[in-house]
Every structure is written in C-alpha cells, then in structure tokens.
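S.K.: I'd like to ask you about the structure that follows.
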Amino acid sequence: MATRVLSSSPKLLNNLRSFIKPLNSASAAAASPLNFDEKPELSTVEKQHPIATTLHQPTTTLDLDDHQKLFASVPTLKLLRSSVNLGLASNETFVDFGMWVMNSRLMETPLLRDIVLKTVKHTFFEHFCAGETTTEAGECVRKIQEAGLRGMLVYAVEHTSDNAGCDRNLEGFLQSVEFAKSLPPSSVSFVIAKITAICPISLLKRMSDLLRWQYKDSSLNLPWKLNTLPIFTDSSPLYHTLQRPQPLTAQEESDLELAHQRLLKLCQKCAQYNVPLTIDAEDTSIQPAIDYFTYSSAIMYNKDDNPIVYGTMQAYLKDARERLFNTARTAEKLGIPMGFKLVRGAYMSSETKLASSLGFDSPVHNTIQDTHACFNDCASFMIEKIADGYGGIVLATHNLESGKLAASKARNLGIEKGNQKLEFAQLYGMSEALSFGLRNAGFQVSKYLPYGPVDMVMPYLLRRAEENRGLLSTSSLDRTLMGKELKRRLKSLQFAKPEMAASAAGSMKIEIGTP
C-alpha cells in the first residue's frame, strides 16, 4: 500500500516542525498529511535475523533473595500493612465480592457508599494510590525517593464525554506538571496522561475508524490529519471498521481541534519544565487515534535527543513487535528521538470478546509465552537503541524474568547506571521485590503513582483488581519475602538483650508511628 516517508535530512525535519501548527492555523490546513507507514529498509543482519535482538539468558545482575536488603528502607508497619493488603488482593473470592459491591446499586445508598469508600480508602487506596491531594502525593514521592525510587505522577481521571469535562481534566494534568516541577529534582520521572480524558471517546472512535480505513484505502483524504509516525502494520487489527466511515462533521472537526489544542498545551508545559509526558494506551477500538495524537505531538516536541512525549506499546497485541520496530526506525530516520513505555496490556478479555463477536481472531497473542516473548523482544530492541544513543524506554513490568533479562541486556551493552533513557517501572504497591532489586542493581526505577479523590480513582482501582487478579494470586514472591522479613525483625527483637530490645522497641514505635 503506497505511502510517503520524509527524507532523513535533519534540515528537512526542522522544516517539518515549522509547518506542523495547531489545527486552527492556515498552514496546517493546507499541508498534505503524511503517514510514514512505509517500512524503512532493513539492514542485512535484520533481514537474516528478523528477531536478532531477542533477549538471551545471561547471568542476572539482580538479587531478589535477600529480603533484609530488599526491604531495608521499608518501615515495619508499612511492611505489615502491605503484606495484609496483598494477601487480601490475592484472594479471588474477596476481590469478586468487592467488585460486585462496587458495581452494585448498594453504592447508590449514601450511608453504604460512605462506609464502602472509607473502607477502600484505608485499605486498597492507601496501598495502591499516592493520596487524594497533591500534598499527599508529594509526601508519597518524597518517601519513595528516600527509598531510592522515583515517581510517575498520575492524575487518575479516566474518560469523559464532553468538552467541559475535557477542559477540567486538562487543568488537572497541567497542575500535575507544575506540581512535579516543585518536587525535589529527579524525584518525578514522568507525568502520565490519558487522551480519553481530554478528548471525547466517541470522537476517538470516529477518528480511529477513519485512520483504519485510510490505511486500507490510501485514496481516502483526511483534511484534519497532521503528519504522524506509523500507526498500523499489515498485521494490525482493522476489523473494527468494516465499511467506509463518513467524514467528520463540522462539530466533530471543531471538537478535534479543541482536543488537539489541549494536548499541545500539555506538551508545551512539559517541554517548558522538561518533565517527560507518557500517554497511556487503551483498547484497539480507539488506540489508532491515541497513537495519532501521540506521534503528531512527538514530532513537534521531541528534539535534541530529548524525548518529551512517550507513547505506550502493549506487548500482548500480535502486531506490537512489528509496530514498535517500524515506528522507532522511522522516527530515528527522521531524527525524532522517540520514547516508549512498554507494557503487556490490560484489555485481554474485552479484546478477545469483541473480535470473536465479529468473526475474527483475537488481536491478543494466543499464549502468555508469546506475550512474554514479544515483550522481551521489544525491550531488547529498545535497549540496543539506547546503547547506540537513540530514544528512551520505560519497561513497565512485574514479570521477574523480563526484569532480569532486560537488566542483564543493559549491563552487557554497557549502559551506565543511572542512564535516564532506561527506566524500569512497577505499579505502586506491587512487585516491591523487583523494584528494590533493580534499584539495588543501579537502575532507575519508578512507581506508577495515581492520585485524586477516592471516588474519582475508583475506576482505576477496579481495573487494577480485575487486571491483576491472576498476577496477585499466582505471584507470591512479595508476600513470601515480606513474611520472612517481618519474622526476621520480630525474631531480632525477641532474642535481643533486654536493653537492646527496649531500644529496638522504641525504634519500632517511632517507625510504626510514621504515616
């Protein structure tokens, strides 16, 4: 399918940036959009070895067995509460009941709703979230920084359906960036945003339909479309759009302009404060539009080997490997330093159900082993790019093997400790052993820190419960190591000399009294 790709000339790229203006500019309206969907020429090695970057099995640099060293920075009370909360979250019956209550009409009763929200606040909310206010989130950031970790600030608003809500959400994101800048240097690695919070979902679906159809039929003209990086490959799921969509209406184009202006304002603030912005991924029905927004903004703001705008790749999708390789190579050829957050994915059930209802195969890998292999291949590819001085990657994983393999790959390629272009990340309250193990090995490690009022963050907590039930029920490493460390601390107190025990007890009281 015929498409056009810009030359790799830096001068031409500068010209490109100069004519990519906000949607209300005359130059943007007159410019002919480019898709950059053409695959760059592969090297001889890549032709001979399509997955030449696959991670091998070198000796790991991580020590995940020394519980005393891993949890040295964690106060005893926090360790105890974390162990209890993870135990509850690993009980599928408890999680199912909790989700039933949260989604039931019981929540319409003020008294019951108040009881439920208070219970959630003092259990799962405090375990998985950074707080309700920026003040509480800031305190959380300072605490994890003292433990040698960094924070990814997430103003935890999810979806909206109208422009007024989008405007409110944008203000929240902008405040998050300003807040990040006010915190200790390097304590915040990224600010996270959702396009679904600043652009109505109905519009994202319409845009995605049109982008998919244009990939099928390059003669389709999209007058609103700016230059972007590759969004699709020949293996991408296109079944969502089975017939030619109608063009955007005048109102939809106006809403699109507003959404684009919101994103540009957010990117401008991030560039001004040098705070990288990561755009979260969604399901495949709207992901094309999200990638479009992400890449068109990256072309404008990612400059001088400094990725400000990061996209998100979901490794559980069958086209993820090819899409990442294609997008990164194209961006590199154009001199655009592109950053990615690599995750496994969160919509397996809904993706498979939708594809099946339309008579198509699921876009999700057939086995978890295939997903692991895809994640590891993508991680290795980007780690090699970073070793060569290009791009940035956030490896968001709770998988121990992936963490060990990526750490070994980085060490083997000589990536220095503290390299800002390679970041590992885990959800706050999860995979603590992996986070601390990577920290102890000298890597940059961040925790995903959602914050906001409990009722606003509730959709996030429900998704965490649904998405991670398998992970929490099968991965007992954290709970096992926490249990061993708690026993060690109790035993060291129990068998200490009387005067030492009294001193230790006093120390524990101070520690436990710390919020």
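In the numbering used here, the protein residues as written are 5 to 519.
We put the beta carbon where it would ideally sit given N, CA and C, even for glycine.
Is DSSP giving HIS266 helix, strand or coil here?
M.R.: The residue asked about is misnamed: residue 266 is Arg in this sequence, not His. In the structure shown, ARG266 sits in a helix (DSSP, three-state: H, G or I).
S.K.: Once you ignore the five residues that flank LEU485 on each side, which residues in its own chain have a CB closer than 6 Å to its CB?
M.R.: HIS71, ALA437
S.K.: Answer yes or no: do PRO280 and ILE235 have a C-beta to C-beta separation smaller than 8 Å?
M.R.: no
S.K.: Go through its chain and collect everything with a Cβ distance to ALA335's Cβ below 7 Å, but skip five positions before and after it.
M.R.: LEU233, MET342
S.K.: Measure the CB-CB distance between ASP213 and ASN444 and report whether it falls below 8 Å.
M.R.: The criterion of a C-beta distance shorter than 8 Å is not satisfied by ASP213 and ASN444.
S.K.: Based on Cα-Cα distance, which residue from ASN231, VAL99, LYS269 lies nearest to ARG173?
M.R.: First, the residue type needs correcting, since residue 173 is Asn and not Arg in the sequence shown. Nearest C-alpha to ASN173: LYS269.
S.K.: Looking at C-alpha atoms only, which residue of ASN167, GLY152, SER180 is the closest neighbour of ALA201?
M.R.: ASN167
S.K.: Between the C-alpha atoms of THR401 and ARG415, what's the straight-line distance to the nearest angstrom?
M.R.: For THR401 and ARG415, the distance between alpha carbons rounds to 18 Å.
S.K.: Going by Cα to Cα distance, which pick from ASP459, LEU481, ILE148, SER480 is closest to VAL120?
M.R.: Out of ASP459, LEU481, ILE148, SER480, ASP459 has the C-alpha closest to the C-alpha of VAL120.
S.K.: Check the DSSP bridge columns for SER450 and list the partner residues they point to.
M.R.: ARG154, ALA429
S.K.: Rounded to a whole number of angstroms, what is the C-alpha to C-alpha distance between THR80 and LEU490?
M.R.: 7 Å
S.K.: Per DSSP, ASN310 is paired with what?
M.R.: LYS307
S.K.: Is it right to say GLN218 is buried, meaning 16 or more other beta carbons lie within 10 angstroms of its own, or is it exposed?
M.R.: buried
S.K.: Can you tell me which of the three DSSP states LEU66 falls into?
M.R.: coil
S.K.: How many Å lie between SER439 and GLU388 at the Cα?
M.R.: 22 Å
S.K.: Taking the alpha-carbon of SER384 as reference, which of LEU328, PRO251, MET434 has the nearest alpha-carbon?
M.R.: LEU328
S.K.: Which partner residues does VAL279 have in the DSSP bridge list?
M.R.: DSSP, once it has assigned bridges, lists no residue as partnering VAL279.
S.K.: Assess, as a yes-or-no matter, whether the stretch 369-384 is touched by the stretch 259-273 under the definition of 3 or more beta carbon pairs within less than 8 Å.
M.R.: no
S.K.: Output the distance between the C-alpha atoms of SER361 and TYR351, rounded to the nearest integer angstrom.
M.R.: 16 Å
S.K.: How big is the Cα-Cα spacing for LYS229 and SER165?
M.R.: C-alpha separation (whole angstroms): 22 Å.
S.K.: Here's the rule I'm using: 16 or more other beta-carbon atoms within 10 Å means buried, otherwise exposed. How should GLY422 be labelled?
M.R.: exposed
S.K.: Whose C-alpha, out of GLY339, MET111, ARG348, is nearest the C-alpha of SER324?
M.R.: Sequence check: residue 324 is Ala here, not Ser. Of the listed residues, the one whose Cα sits closest to ALA324 is ARG348.
S.K.: Mind checking ALA6: buried by the 16 CB within 10 Å criterion, or exposed?
M.R.: The pLDDT assigned to ALA6 is 38, lower than 50, so where the model puts this residue is not dependable; a value taken from the coordinates is nonetheless given after this. ALA6 is exposed by the Cβ-count criterion.
S.K.: Taking the alpha carbon of LEU208 as the reference point, which residue from LEU83, ALA263, TYR432 has its own alpha carbon closest?
M.R.: ALA263
S.K.: From TYR432 to TYR455, what distance separates their C-alpha atoms?
M.R.: 11 Å
S.K.: I'd like to know if the stretch 404-412 and the stretch 107-121 are in contact, where contact means that at least 3 CB-CB pairs between them fall below 8 Å.
M.R.: no
S.K.: Give every residue of the same chain whose Cβ lies closer than 6 Å to the Cβ of GLU136, excluding the five residues on either side of it in the sequence, and list them in chain order.
M.R.: Annotation for GLU136: PRO457 place their beta carbon closer than 6 Å to its own, counting only its chain and skipping 5 residues before and after.
S.K.: Leaving out five residues on either side along the sequence, give the residues of the same chain with a beta carbon under 6 Å from the beta carbon of GLU257.
M.R.: TRP228
S.K.: Distance check for ASN330 and GLU45, CA to CA, integer angstroms please.
M.R.: At GLU45 the pLDDT is 47, less than 50, meaning the model places this residue with poor confidence; the figure from the coordinates comes in the next sentence. GLU45 and ASN330 have their C-alpha atoms some 10 Å from each other.
S.K.: How about LEU409 and ASN380: do their beta carbons lie closer than 8 Å?
M.R.: The answer is yes: Cβ separation under 8 Å.
S.K.: Rounded to whole angstroms, what is the Cα-Cα separation between TYR243 and GLU355?
M.R.: So the alpha carbons of these two residues sit roughly 12 Å apart.
S.K.: Between the alpha carbons of MET462 and SER180, how many angstroms are there, rounded?
M.R.: 19 Å
S.K.: Span of the beta strand (DSSP E) holding SER193?
M.R.: 192-197
S.K.: Straight-line CA distance for GLY169 to SER480?
M.R.: 40 Å
S.K.: Run through DSSP, which three-state label would ILE372 get?
M.R.: helix
S.K.: Going by DSSP, what residue range makes up the beta strand (DSSP E) through LYS229?
M.R.: Per DSSP, LYS229 belongs to no beta strand (DSSP E) and is neither H nor E.
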